[in-house]
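Numbered according to my numbering, the sequence shown spans residues 322 to 388. Heads up, the beta-carbon is just placed ideally off N, CA and C, and yes, glycines get one too. Quick caveat: nothing in here was measured; it's all calculated off a predicted structure. A short worksheet on the structure shown next.
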Amino acid sequence: MVEMYKYILNKVSFDQQLFQKELAKAVKRVNSEELTSLKSWCLVTFDKQHEQALNEIFDANNITRLN
């Protein structure tokens with residue numbers, strides 16, 4: 322399932338609001354193991370482009386930022 326969300330996030334990354342909406346959906350629907358993978362991938366792939374959205378979604382879901 323995480324691969325599907327990676328694909329979707331890549332496709333909607335041009336739009337901040339759509340990206341944030343899809344990321345929120347993904348975070349709610351993947352299991353905890355997949356969530357770690359998704360978060361790592363998002364931080365590598367979108368950290369500069371969508372830093373605020375990543376922080377808001379992961380913080381709102383009590384998922385601390387990986388450093």
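CB-CB under 6 Å to residue i, same chain, minus the five flanking residues each way: which ones, in chain order?
i, result
"L339", "V333"
Where does residue i sit, in a helix, a strand or coil, going by DSSP?
i, result
"M322", "coil"
"F299", "Outside the modelled stretch of the chain, which goes from 322 to 388, sits residue 299, for which no answer is possible."
"V351", "coil"
"N376", "helix"
"Q341", "helix"
"K327", "helix"
"K369", "coil"
Taking a contact to mean a Cβ-Cβ separation below 8 Å, would you say residue i touches residue j in this structure?
i, j, result
"N382", "V348", "yes"
"L330", "A374", "no"
For residue i, which residues in the same chain have their Cβ closer than 7 Å to its Cβ, ignoring the five residues on either side in sequence?
i, result
"E355", "M322, V323"
"I378", "Q341, L344, A345, V348"
Once you ignore the five residues that flank residue i on each side, which residues in its own chain have a CB closer than 8 Å to its CB?
i, result
"V365", "none"
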